[in-house]
Structures are given as C-alpha cells and as structure tokens.
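Note sheet for the following structure.
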Amino acid sequence: MARVKSGIPGLDELLEGGFLESSSVLISGGAGTGKTILSTEFVYKGAKEYDEPGIYITMEEGATNIWWNMKNFKWDVTSLEQENMLKIYKVGMINPQDFAQDFEKEINKIKNMVDDMGAKRIVIDSTTAFGMWMGNTSKIRPSLFRLSEELKDIDTTSLLTAEAPEGKNQFSRFGVEEFVTDGVIALYFKPPQRAMFIRKMRGTDHDKKPHPFEITSSGVQVDPKQEVLWESLE
Ligand SMILES: Nc1ncnc2c1ncn2[C@@H]1O[C@H](COP(=O)(O)OP(=O)(O)OP(=O)(O)O)[C@@H](O)[C@H]1O
Ligand SMILES: [Mg+2]
94 MARVKSGIPG LDELLEGGFL ESSSVLISGG AGTGKTILST EFVYKGAKEY
144 DEPGIYITME EGATNIWWNM KNFKWDVTSL EQENMLKIYK VGMINPQDFA
194 QDFEKEINKI KNMVDDMGAK RIVIDSTTAF GMWMGNTSKI RPSLFRLSEE
244 LKDIDTTSLL TAEAPEGKNQ FSRFGVEEFV TDGVIALYFK PPQRAMFIRK
294 MRGTDHDKKP HPFEITSSGV QVDPKQEVLW ESLE
C-alpha cells in the first residue's frame, strides 16, 4: 500500500513511512497541544514538498487567523495559495435545526473544491465544533462516520482534530470520534514537555511509545529515538 508522507519531521518513521492513502486520522489533544499547527503543516508540506494539493477546513478559527499562523512559521503559503495548491475554507455556522440539510450542502461544497483543485489532503479542525453544532449527540458518530467515508471516497487522506480532556485515556470530547477514524494520534503537553503517541493506525505496525516533540519556528518536530515516560505526563 502506498504511504502518504505526513511531512512532519520524525513522524513518518513511527508509521512505517506515513499514513495509508485515503485513510482518516484523528489528531487528539487538550488546548494548545499543537493540533492546529500539526494539521496545517500536513497540508502545507503536502503542497510544498509532495506536489499534493490540500484543503484545510476550519470550523472555529477564521481563515485569516490560520493564514497568519502559517506565515508566522515562515512557510511560503502565499504562492501555494495563488497556484491553487493550498486552500483554507471556513465552514459557516450551522444551525442545529438545519443540520442535516446544511451538512449535505457543506459535503457537496467540499467535494467540488476537491475536484477543482485535485486535492489529495484534507484537514477538518475540529470535529468537536462539528459535534457541538449537531445539537444531538446520538447523531455524532454516524455523521462523523459519513464524513470520513466521503473523504475516503474522493481519495483524500484526512486529518480530523478532536479536543480531548486531560488524562491519557480519553481521546475525544464525545468518546466516539476515535472509533470512526482509521488512526488516532494523541498530543500531550505537560509544560515544558510535549509528547506524541500513536494510539492506533489501522493496517500499520506503528510505534507504541510516547515520543517527545517540539514546536519550533519551522513547525512540529518529533524525536522518534527518544521516549517519554507516561508517568511524566500525568
Ligand atoms: N512559533 C512558535 N514557536 C513555538 N511554539 C509555538 C509557536 N507558535 C505556537 N506555538 C505553541 O503552540 C501552541 C498552539 O498550538 P495549536 O494552536 O496548534 O494548539 P491546538 O491544540 O490547536 O489548540 P486549541 O485546542 O486551542 O485549538 C501555543 O500555545 C504555543 O505553545
Ligand atoms: Mg486548534
């Protein structure tokens, strides 16, 4: 099976070379653990280094904020945007009453954008916001499942972010998000220590330990050789 390189230094080594093509991976973590930075880097590196156009779909932060963030890392995003290799799309506020209808509309819009650009990578940041809009928690699992299947059908590899409560055994707010995706990567921050742990990755003999990572001016950097003890994250 072909592997899609994450582009995050140190991460692909923990994943037998990268993500499986067309798979969906949940990036889980508490506030400020690096979910947004890691997932923007995935689409940026895809466009810049692997010639794979990408779309970053934001549900919370405005597009301007995300562009600003990316430029802050001295990533050369403007030319990629002009070449239609990189797009940031902000989903409008969905009214829980019109959820079903608005959901279909948004899925169609995303599919059209993917077609237009020939996008191979997609980020949805965050599924927590998405779940809150639904108003009804029983719909979250089937809707997220549907979303990840749609992304697979259009041959895109996707990262979905999820807010997770503190502690090492919970990966999402609603407790269903991690079951819907093919993989789960958990991010932790116990200042000053940041750590990354691959909780699951279907079809992959992935690494099984938490590893330290840093956020630097060039983005996320994982150290695949070093290990972080669980005790130090508690
Ligand atoms: N240029 C930088 N250099 C080093 N660290 C940085 C830099 N920019 C941001 N950070 C760190 O990254 C954190 C924000 O990361 P990010 O926005 O990806 O978190 P998040 O998990 O998406 O948070 P949220 O749950 O609020 O959306 C900041 O709080 C800061 O600690
Ligand atoms: Mg974020």
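Take 94 as the starting number for the sequence shown in the working numbering and just add one per residue.
Just so you know, even glycine gets a beta-carbon here, dropped at the ideal spot from N, CA and C.
Every value quoted in this text rests on a predicted model; they were computed, and no experiment measured them.
### Query
Is the beta carbon of Glu129 within less than 6 Å of some heavy atom of ligand 2?
Here residue 129 refers to the residue found at position 36 of the sequence shown. Here residue 129 is Thr; the residue named in the question, Glu, does not match the sequence. Thr129 has its CB nearer than 6 Å to a heavy atom of ligand 2.
### Extent of the continuous alpha helix (DSSP H) to which Lys164 belongs
To locate residue 164, count along the sequence shown from 1; it is residue 71. Looking at the DSSP string, the run of the alpha helix (DSSP H) that includes Lys164 is 156-165.
### Query
Taking contact to mean at least 3 C-beta pairs separated by less than 8 Å, is the segment 139-153 in contact with the segment 274-281?
Because the criterion of three Cβ pairs below 8 Å is not met, the segment 139-153 and the segment 274-281 do not touch.
### Query
Alpha carbon to alpha carbon, how far is Gly343 from Phe135?
Lying before the first or after the last residue shown, residue 343 is absent from the chain, which here runs from 94 to 327.
### Task
Could you tell me whether the Cβ atoms of Gly274 and Ser310 are closer together than 7 Å?
Translated into the one-based positions of the sequence shown, residue 274 becomes position 181. Translated into the one-based positions of the sequence shown, residue 310 becomes position 217. The sequence as given places Thr at residue 274; Gly does not occur at that position. Cβ atoms of Thr274 and Ser310: not closer than 7 Å.
### Query
What is the DSSP secondary structure of Glu256, reduced to helix, strand or coil?
Position 163 of the sequence shown holds residue 256. Reduced to three states, the DSSP call for Glu256 is strand.
### Task
Quick one: give me the first and last residue of the beta strand (DSSP E) that Glu307 is part of.
Your numbering for residue 307 matches position 214 in the sequence shown. Element bounds for Glu307: 304-309.
### Whole-Å CB distance - Glu271 paired with Ala222, under 8 Å assumed
In the sequence shown, the residue the question calls residue 271 occupies position 178. In the sequence shown, the residue the question calls residue 222 occupies position 129. The distance from the Cβ of Glu271 to that of Ala222 is about 17 Å, inconsistent with a contact at the 8 Å cut-off.
### Query
Going by the C-beta, is Ile120 closer than 6 Å to any heavy atom of ligand 1?
As a position in the sequence shown, residue 120 is number 27, starting the count at 1. Ile120: no, Cβ never under 6 Å from ligand 1.
### Task
Please name the residue in Lys180, Leu179, Asn177, Lys198 whose C-alpha comes closest to that of Met186.
The residue given as residue 186 occupies position 93 in the sequence shown. Nearest to Met186 by C-alpha distance, out of Lys180, Leu179, Asn177, Lys198, is Lys198.
### Message
By the three-class DSSP mapping on this structure, what secondary structure does Gly147 have?
### Response
By one-based count along the sequence shown, residue 147 stands at place 54. Residue state, collapsed to three classes: strand.
### Neighbourhood of Arg292 by C-beta distance below 6 Å, restricted to the same chain and skipping five residues each side
Along the sequence shown, one-based indexing puts residue 292 at 199. Scanning its chain for C-beta atoms nearer than 6 Å, with the 5 sequence neighbours on each side dropped, one finds around Arg292 the residues Val277, Ala279, in chain order.
### Task
To the nearest angstrom, report how far apart Glu109 and Phe290 are at their CA atoms.
For this step, residue 109 is matched to residue 16 along the sequence shown. For this step, residue 290 is matched to residue 197 along the sequence shown. Between Glu109 and Phe290, the C-alpha separation is close to 15 Å.
#### Entry: Where the beta strand (DSSP E) through Val315 begins and ends
On the sequence shown, position 222 is the one that residue 315 refers to. Val315 -> beta strand (DSSP E) spans 312-315.
### Task
Determine the contact status of Arg239 and Gly139, defining contact as a CB-CB distance below 7 Å.
Counting from one through the sequence shown, the residue named residue 239 turns up at place 146. Counting from one through the sequence shown, the residue named residue 139 turns up at place 46. No.
### 8 Å contact criterion, which Phe267 and Gly224 should meet: CB distance rounded
Against the sequence shown, residue 267 aligns to sequence position 174. Against the sequence shown, residue 224 aligns to sequence position 131. About 5 Å separates the two Cβ atoms, so the contact holds.
### Query
If we ignore side chains and look at the alpha-carbon of each, how far apart do Phe306 and Arg287 end up?
Counting from 1 along the sequence shown, the entry for residue 306 is found at position 213. Counting from 1 along the sequence shown, the entry for residue 287 is found at position 194. Taking the straight line from one Cα to the other gives about 6 Å.
### Query
Where does Thr250 fall in DSSP's three states?
For this step, residue 250 is matched to residue 157 along the sequence shown. In the structure shown, Thr250 sits in a strand (DSSP, three-state: E or B).
### Bounding residues of the beta strand (DSSP E) (the contiguous stretch that carries Gln286)
Position 193 of the sequence shown, counted from the start, is the residue given in the question as residue 286. That run of the beta strand (DSSP E) goes 286-294.
### Query
If we count the other Cβ atoms within 10 Å of its Cβ and call it buried at 16 or more, is Leu322 buried or exposed?
Locating residue 322 in the sequence shown gives position 229, where the first residue counts as 1. Exposed is the call here.
### Message
I'd like to check one pair, Met163 with Thr129: are the Cβ atoms closer than 7 Å?
### Response
The residue labelled residue 129 in the question sits at position 36 within the sequence shown. The residue labelled residue 163 in the question sits at position 70 within the sequence shown. In this structure, Thr129 sits away from Met163, with a CB-CB distance that is not shorter than 7 Å.
### Message
Between which two residues does the beta strand (DSSP E) holding Phe282 run?
### Response
Residue numbering aside, residue 282 sits at position 189 when the sequence shown is read from its first letter. 276-283 is the span of the beta strand (DSSP E), which, as asked, contains Phe282.
### Message
For Arg96, which residues in the same chain have their Cβ closer than 8 Å to its Cβ, ignoring the five residues on either side in sequence?
### Response
Taking the sequence shown and counting its residues from 1, the one referred to as residue 96 is at position 3. Only Asp105, Leu108, Glu109, Gly110, Gly111, Phe112, Leu113, Glu114 meet the Cβ criterion.
### Message
Let me check you understand the geometry: is the CB of Ile308 closer than 6 Å to at least one non-hydrogen atom of ligand 1?
### Response
Position 215 of the sequence shown, counted from the first residue, corresponds to residue 308. True, at least one ligand heavy atom lies under 6 Å from that Cβ.
### Query
Leaving out five residues before and five after Lys232 in sequence, what residues of the same chain have Cβ atoms less than 8 Å from its Cβ?
On the sequence shown, residue 232 is found 139 positions in, with the first residue counted as 1. Sequence-distant partners of Lys232 (beyond 5 residues in either direction) whose C-beta falls short of 8 Å from its own C-beta, in its chain, are Phe192.
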